[in-house]
Every structure is written in structure tokens, then in C-alpha cells.
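My numbering numbers the first residue of the first sequence as 1 and each following residue consecutively.
Glycine included, each C-beta is placed from N, C-alpha and C at the ideal position.
Computed from a prediction, not measured in an experiment: that's the story for all the values here.
One structure is given here, and the rest of the page talks about it.
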Amino acid sequence: MSEEKLISVTFSDGVERRYPAGTSLFDIVAEIDLGSNVPLVARVDGRLVDLSTPVTSDCAVKLLSFESPEGKGVYWHSTSHILAQAVKELFPEAKLGVGPSIENGFYYDFDVQNPFSPGDLEKIEERMRRIVKADLPFRRKEVSRAEAQRLFTSKGEDYKVELIEELDAEEQPIIYQQDGFIDLCRGPHLPSTGYIKAFKLLSSSGAYWKGNERNPMLQRIYGISFPEQKQLDEYLSKLEEAKRRDHRRLGQELDLYSVHEDVGAGLIHWHPNGAVIRNVIEEFWKEEHWKRGYKLVYTPHIASERIYQISGHIENYSDLMYSPMDIDGIPYRLKPMNCPGHILIFKTRQRSYRDLPIRYAELGTVYRYERSGVLHGMLRVRGFTQDDSHIFCTEEQLPDEIVGVLDLVQFMMDTFGYSYKAYLSTRPEKSIGSDEAWEKATNTLRMTLEKMGLDYQVDPGEGVFYGPKIDIELEDALGREWQGPTIQVDFNLPERFDINYIGQDGREHSVVMIHRTVLGAMERFIGGLIEHYGGAFPVWLAPIQVAIIPITDVQMEYSERVAEALKADLIRVWVDRRSEKIGHKIRDAEIQKIPYMLVVGSREVKEGTLSLRKRGEGDLGSVKLEEFRTRILDEIRKRM
RNA sequence: GCCGAUGUAGCUCAGCAGGCCAGAGCGGCUCACUUGUAAUGAGCAUGUCGGGGGUUCGAAUCCCUCCAUCGGCUCCA
């Protein structure tokens, strides 16, 4: 009997086992009972590999199922290969682009004569089902560069050939094959196509090769897959839920806003209901800024082009600015940003160190040219109102100012029920300012985040050219991320505008300038809020806070009296005077997502009470007017 | 801006292998009902069939073009 060498495999749970050298992970897995947690791939000494990989020396192994991010990624990536195989079988002339896994699912890009139709997607799905059923193994093979070149050139896969040419010199091309389908791919992959239990192709669209708009446009197919049909159904119903919450749909149903072709794309008209929400938020915003030492200012919506030459906006942002209009022979522009105006106000007098910090804040409406294809409801528009502020301070004051802004951010986001993550963006390649200034400011931002105990990630090189920044990402009720507050230090404008202050030493010093927004823009923020709340706004924001529902006309007068009493406290009340059955009125109030309903019948009139009903919760029994008034005012005050 | 799809009543949608007055449901209006916690019934009216141009005896339907919207790409508050 030959001497079989045993090697030691340590699993992630600490268990150590011995196997003959050359045993594949797949065979190892077969011996272990892992319950329903089917392993898909493994990390061997930290490297992600196929289960078909043999273990040849002592190693640490971590088996990964669909429950892990890596497992999901591999699962989806393998599904994309199945998609590609199906497409190649049905459309042999299609050329392959790339087909990675993404945050939710996967895609694959193809160069085809005719874009895919919805009917094509069905046919492709059908073909994919056959490939899954055949349970074809994914086979990995390392090939030489020349071999890979020859192989993909002979297949006419120009894009793959391009990818091979771009491989690092030391990187060896790897191909994966299932059945007759061969793809250039780093892997790893599932053991076989049969692992895919439930999948769906979701959409197709154009996408530029390598994401560059000068490159040819390929046709991309998106899809998703899961180990269980139930998970796919859940995912699809989550998509449905997101659709139900879509701010464009709710904006229409709840009569919040509209956009008009005759006015122009991306320009929002706020209806009374939407305007209430905006007004309440703006009042709250102003109040909070007053409390925190900001001074509110207003600046004009158009300005001579000269100011944007000084600020550098013409130079750096001209493609997002609207063309000039001629006024008395001078070119004027619609305001794309509020900063120059605030700076001019700052500069109207000489500032002493005693004046600083100066915090100017403005709900400033700006207009920016957005390409037609990117417009999206209230979230991506061409005219919007930023909750903008510029803080002018000394270098010493910078840390405290950042703390102040972050504290405001936390307070605001807690009020709206968002959780959030912070990102620190450092110096990009193309930038202005000294190394020293960058380092100082970046460190200040970093130290402040740490001091406040905020979790943050560093985005290296993602800062703006004029300074480092902190971005806050919000997570909404559906777990989706939104771009939120941003705090930017600016080394550029103080220099361009030559803004400074007189220090204690009687000499001029340069001002440190911070741009910051907390909500971003009213349009985008409220569009996001609509989805966050699914249209069911908390009482303090609800356009109509109380619906009073008389059962018959006999209770109309009493109802009106109750309404008047509540209106006196600025509570937004509506009396449903329609000659409808109470069930109908309640249904409509629920659909309109009105937080409170007060049902008034003869019993209530006789007893001088109200029958209280809460949105989504149903009948709460009878209350006295005073009792209800106290309750709702308390909720409004607490911004519940 | 690019690729694809869509655009018919206030809303959601049917009609679109060209051909009598363009339809349904919801909503609206009128009338009746006076109602107890998620849809009372009857009647009436819905309209430059996205805009412009063309083909045709005849266009919501076919072609061209512009606009808007939707899904993506690229870009972004």
C-alpha cells in the first residue's frame, strides 16, 4: 500500500480534520453534515476558490453558503454564466461583454444586432431552465495567454480578447466552461448549474462597454436568483412594495406634486398637500438653524456671469449651468449654487476674529442642467431648493464647527427616523491647495467623526478638488441607501474671493470655509421621505392630520364645531361632508393616509365625545375633544 | 446625451394585421338614500387618441420628426 500523505484542514469553527492530499473540497464537504447551509464556495487560507479545488497542503478552510456575501456573489455570478450560455445558444452571433454579480443579482452584457425584446427574455429564461436542469458542471482551466487569445479570437469574442490584452503581465488567463459554453473569467463558480433553484430575468437595457459613453453600447440583461423559490418570491414582492411606495406614484395618489410638459422636464409644482409637508419641514429647519446660531439670508436667482467667472463655476461646472441670457448687453446666468452670494454678503464689511464663526444659511433655489435621461420624479430635477449653508471660521474653530454640523445632522436624521453611515473623502488626484492644508483639514474631519463616536468609512481620493468632505448616507425603512448630508471644506473659494478676517494680532488671516447641507435639496429629500414613510406621514408632517367623519348630516354642525376648535390650534382638519356611508368615508381617509379620524354619530353628539380612529390601527374608542387635542398637540410638538 | 419601451377621459388601462358615432373600471357631476368603523344605488358627461409633418379615398392604428414619461448606461443635490 502506497504511503498516502495526510494533510490537516482546519475549519472555520476550529475543527481540524485530516484528509489525503489532493482531496477536493467537494469531497470534503460531502462528508460533513452542514444541514441546509449548502456550501457553494470556500476560502482556503483566505483565497476564494471553487469547491472542486483539491487541497494539497495544510490549510484553513471556510465554507461559504448563500447566506454569506461571497456565497451570494458566486451564486449570482454563476447564474450570469448560465444566462450567457442561453443567449449564445439562441443568438450565436452575440458577442460577450462582462457578466458580474452586483448588489442584488447579476447582469451580463452582450453585443447583439437587435436589442432584446421582452419576448426574447422569456425565451432566454426558458433556455436557462434547460441548462439548470441539465446540471452541467462549471469547469475551471488555466490557460496561457496565447492560448486564450487564440481561443477567443477564433470565437470572434472581440471584447474578451480586449480583456485578455489588459490582464496584468503576471496574471494567467482563466477560463470556465460549462457544456459548450466557454468564458474568460476569474471565478470562482458553483460546482454545477443545477445549484440554481429559482431565478428571474428582470430587465434589459443599453449599457456602454466599460461604462464609457464613447464606447459602443451593449445590451445588458439583469436578473436575480436564489436557492429557494420562496426567497425569489420574497424578493419580487419586495420589489412590488418598493413600487407601491414609489414617490411618483404616491405623489400622484396623495396629490403632492406634478411636473408639466409645457413648463419643462424636471421642474416640480408643489400641490397644497406637498407644500404643507415642505412648509412644515422648512419651518422646522429654520427654527433649528436659528437655535444653532445660523443667520438666514436670501440671494438672487439670477446673476451676472462675472460672479461665476470669479467663483470658477463657469470654468468647472459650465455643462451643468444654463446658457446665459442677455440683460442690457451683459450675460446673466441662472444660479447653480448659493456660495458666491453668501461670500459676497460676508465681504460687505471687514470681519474681525470676534465676528467668527459666521454661519449663513439659505433655502436656496438653484437651477442645474441635468441630461434628459437622468431626470427622475422629485429625486433628480432641474430646479431645486438646497438647504444650504456656508460657515466662515478660523482654523481653530473648524473642529467645533464640524461637531456642530454633525450634531445638527444627527438631530435631523433622528427626527425623520433615518439611520445613517458616514464617509470621509480624502484628497483626489486633481486638486488644489497645499498638502499641509489638506492634511490638517482631513485630520480635523477624521478626529471629529471619532470624537462623536460616528462609524465611518474612508473613501480615498473621493474628495472634491477644493477640499475634503464628509458624506452621510441614509438608510430608509426599506433598507435602501440615499445620499444625505454633506460637509465640505473649501480651500478654493476663500482664495478666489480673497476672503479673510482681522486676527487678534491686527493682521489679515484667511478664512476657513465650510459648505454643508443637511437635507440636501427639498425636492430630493421629500421625494425620499415619501418613500421612507410609504406616504403615511407622521402626524406632524401629514398634509391632513385629522379627518372628521359625521355619520349623518345631523352631526354636521357638531363636526364643524370640532373642526373649528382644532383649527384654532393650527391642526390641519378636514370634514368629510359627503353623503356616503361611514365605511366609505373611513376607507377613503385610510387611503389618503390621514393619521387620525374622528367619527361623529348621534351618540357622540349626545355625550359630547368623539370616536377616535387611528390610521392603520382602527377604532381607539371614544375620547373627549380636549383629550384628543392634548394628545395630538403633544405628538405634533414631539414631531411623532 | 445614449439604448430600449411607453404616451388613448382626472386616474388605471382596453382598442392599434387602417374603415360605421373611440371603450371599460375608478374618479367627477346630478338625484335618491341619512348611513356606526376600509367601497349604497341609479342616471349623466367625459376625449385636439402627446405635438407637428407625411402615406392613404380614409390614420388612435402605418412612416418621419419633436416632446414627455418609464427601465438602464453615463453623470449628480
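Task: Option in A86, P92 and F110 with minimal Cα separation from A134 - done: For the purposes of this step, residue 134 is identified with residue 134 of the first sequence, where counting begins at 1. For A134, the closest of A86, P92 and F110 by C-alpha to C-alpha distance is A86.
TODO: Would you please state the rounded distance, in angstroms, between the beta carbons of P191 and F226? I believe it to be under 8 Å.
DONE: Taking the first residue of the first sequence as position 1, residue 191 is located at position 191. Taking the first residue of the first sequence as position 1, residue 226 is located at position 226. So it is not a contact: roughly 17 Å between Cβ atoms.
Task: Touching by the beta-carbon criterion (3+ pairs, under 8 Å), the region 72-90 and the region 100-112 - done: Cβ pair count under 8 Å is three or more, so yes.
Task: K606 in three-state terms, based on DSSP - done: Position 606 of the first sequence, counting from 1, holds the residue named residue 606. DSSP places K606 in helix when its eight states are reduced to three.
Open item on the list: So within the region 109-192, which uninterrupted alpha helix (DSSP H) runs reach at least 4 residues, ignoring any that extend past its ends?
Closed with: With a minimum length of 4 residues, the continuous alpha helix (DSSP H) runs that stay inside the region 109-192 are 118-133, 145-154 and 158-165.
TODO: Taking Y420 and Y456 to be in contact with their CB atoms under 8 Å, please state how far apart those CB atoms are, rounded to whole angstroms.
DONE: Walking along the first sequence from the start, residue 420 turns up at place 420. Walking along the first sequence from the start, residue 456 turns up at place 456. At roughly 10 Å, the Cβ-Cβ gap does not stay under 8 Å, so Y420 and Y456 are not in contact.
Open item on the list: If you reduce the DSSP assignment to three classes, tell me which class H289 lands in.
Closed with: Here the question's residue 289 lines up with position 289 in the first sequence. Helix, per DSSP.
Task: Where D500 sits in the DSSP three-state scheme - done: Position 500 of the first sequence, counted from the first residue, corresponds to residue 500. The sequence given here places Asn at residue 500; Asp does not occur at that position. In this structure, N500 counts as strand in the three-state DSSP scheme.
Task: Where G293 falls, given that 16 or more other Cβ within 10 Å makes a residue buried - done: Here residue 293 refers to the residue found at position 293 when the first sequence is read from its first residue. By the neighbour-count rule (16 or more Cβ atoms within 10 Å), G293 is not buried but exposed.
Open item on the list: Pop quiz: V573 and V546 are said to be a contact at Cβ under 8 Å. What is the actual Cβ separation, rounded to whole angstroms?
Closed with: Taking the first residue of the first sequence as position 1, residue 573 is located at position 573. Taking the first residue of the first sequence as position 1, residue 546 is located at position 546. Right, the Cβ-Cβ distance comes to about 5 Å (below 8 Å), so this counts as a contact.
Open item on the list: Distance check for S389 and Y298, CA to CA, integer angstroms please.
Closed with: By one-based count along the first sequence, residue 298 stands at place 298. By one-based count along the first sequence, residue 389 stands at place 389. Across the structure, Y298 and S389 are spaced so that their CA atoms are roughly 11 Å apart.
- [ ] Identify whether S2 lies in helix, strand or coil by the three-state DSSP scheme.
- [x] As a position in the first sequence, residue 2 is number 2, starting the count at 1. Per-residue confidence for S2 stands at a pLDDT of 49, beneath the threshold of 50, marking its modelled position as unreliable; the derived number appears in the next sentence. Assigned with DSSP and collapsed to three states, S2 falls in coil, not helix or strand.
Task: Whole-angstrom distance between H271 and A589, CA atom to CA atom - done: Within the first sequence, the letter at position 589 stands for residue 589. Within the first sequence, the letter at position 271 stands for residue 271. One alpha carbon belongs to A589, the other to H271, and they sit about 19 Å apart.
Task: Best match in P468, T23, D158 and R278 for proximity to A94 [C-alpha to C-alpha] - done: The count along the first sequence starts at 1 and reaches residue 94 at position 94. The option with the nearest alpha carbon to A94 is D158.
Open item on the list: Once DSSP output is grouped into helix, strand and coil, what is the label at I343?
Closed with: By one-based count along the first sequence, residue 343 stands at place 343. It is helical.
- [ ] Indicate whether S602 and T552 have their beta-carbon atoms separated by less than 9 Å.
- [x] Reading the first sequence from its first residue, position 602 is the one you call residue 602. Reading the first sequence from its first residue, position 552 is the one you call residue 552. Cβ atoms of S602 and T552: closer than 9 Å.
Task: Assumed close pair G467, F491 - CB separation to whole angstroms, cut-off 8 Å - done: If you number the first sequence from 1, residue 467 lands on position 467. If you number the first sequence from 1, residue 491 lands on position 491. About 5 Å separates the two Cβ atoms, so the contact holds.
Open item on the list: Taking the beta carbon of D476 as the centre, do at least 16 other beta carbons fall within 10 Å, making it buried, or is it exposed?
Closed with: Here the question's residue 476 lines up with position 476 in the first sequence. Residue burial annotation: D476 is buried, with at least 16 other C-beta atoms found within 10 angstroms of its C-beta.
Open item on the list: Considering Cα atoms alone, identify which of T10, I302 and P336 is closest to M325.
Closed with: Here residue 325 refers to the residue found at position 325 when the first sequence is read from its first residue. Sorting T10, I302 and P336 by C-alpha distance to the C-alpha of M325 places I302 at the top.
- [ ] Could you spell out the range, first to last residue, of the alpha helix (DSSP H) harbouring S559?
- [x] Residue mapping note: residue 559 aligns to position 559 of the first sequence, counting from 1. Looking at the DSSP string, the run of the alpha helix (DSSP H) that includes S559 is M556 to K567.
Open item on the list: To the nearest angstrom, how far is the alpha carbon of L167 from that of F152?
Closed with: Translated into positions along the first sequence, residue 167 becomes position 167. Translated into positions along the first sequence, residue 152 becomes position 152. Whole-angstrom Cα-Cα distance: 14 Å.
- [ ] May I ask you to report which of helix, strand or coil DSSP gives H271?
- [x] Residue mapping note: residue 271 aligns to position 271 of the first sequence, counting from 1. Taken through DSSP and simplified to helix, strand or coil, H271 comes out as coil.
- [ ] Starting from L201, follow its DSSP beta bridges and name the residues at the other end.
- [x] Working through the first sequence from its first residue, we reach residue 201 at position 201. Assignment of beta-bridge partners to L201 by DSSP yields G223.
Task: CB contact flag (T442, L406, <9 Å) - done: Locating residue 442 in the first sequence gives position 442, counting from the first residue. Locating residue 406 in the first sequence gives position 406, counting from the first residue. Going by C-beta atoms, T442 is not nearer than 9 Å to L406.
- [ ] For the beta strand (DSSP E) containing S372, list its first residue and its last residue.
- [x] For the purposes of this step, residue 372 is identified with residue 372 of the first sequence, where counting begins at 1. Counting along the chain, S372 sits inside no beta strand (DSSP E), nor does DSSP assign it H or E at all.
- [ ] Since I believe V518 is in contact with M452 (beta carbons under 8 Å), could you give me their beta-carbon distance rounded to a whole number of angstroms?
- [x] Residue numbering aside, residue 452 sits at position 452 when the first sequence is read from its first letter. Residue numbering aside, residue 518 sits at position 518 when the first sequence is read from its first letter. Not confirmed; about 15 Å, so no contact.
Open item on the list: Just to confirm the assignment, what range does the alpha helix (DSSP H) spanning P399 have?
Closed with: Working through the first sequence from its first residue, we reach residue 399 at position 399. Run containing P399: L398 to F416, per the alpha helix (DSSP H) assignment.
Task: Under the three-state DSSP convention, the category F106 falls into - done: If you number the first sequence from 1, residue 106 lands on position 106. It is a strand residue.
Task: Among R245, A265, P100 and V15, nearest to G383 - alpha-carbon criterion - done: Reading the first sequence from its first residue, position 383 is the one you call residue 383. Measuring from the Cα of G383, the nearest candidate turns out to be A265.
- [ ] Go ahead and label P173 buried or exposed: buried means 16 or more other beta carbons lie within 10 angstroms of its beta carbon, across all protein chains shown.
- [x] Taking the first residue of the first sequence as 1, we reach residue 173 at position 173. So P173 ends up on the buried side.
- [ ] Could you have a look at D435 and say whether DSSP puts it in helix, strand or coil?
- [x] Position 435 of the first sequence, counting from 1, holds the residue named residue 435. Here D435 carries a helix assignment [DSSP, helix/strand/coil].
- [ ] Give me the Cα-Cα distance between K581 and Q555, rounded to the nearest whole angstrom.
- [x] In the first sequence, counting from the first residue as 1, residue 581 sits at position 581. In the first sequence, counting from the first residue as 1, residue 555 sits at position 555. Approximately 14 Å between the Cα atoms of the pair.
Task: Close-in-space but distant-in-sequence residues of the same chain around M217 (CB under 8 Å, 5 per side omitted) - done: The sequence position of residue 217 within the first sequence is 217, counting from 1. Excluding positions up to five away in sequence, the list reads G206, A207, Y208 and W209.
- [ ] Going by DSSP, name the residue or residues bridged to F392.
- [x] Numbered from its first residue, the first sequence carries residue 392 at position 392. F392 is bridged to I358 and M513.
Open item on the list: Which of the three DSSP states is assigned to V600 in this structure?
Closed with: As a first step, residue 600 must be located in the first sequence, where it is residue number 600. Reduced to three states, the DSSP call for V600 is strand.
- [ ] With DSSP collapsed to three states, give me the class of W540.
- [x] As a first step, residue 540 must be located in the first sequence, where it is residue number 540. The three-state secondary structure of W540, taken from DSSP, is coil.
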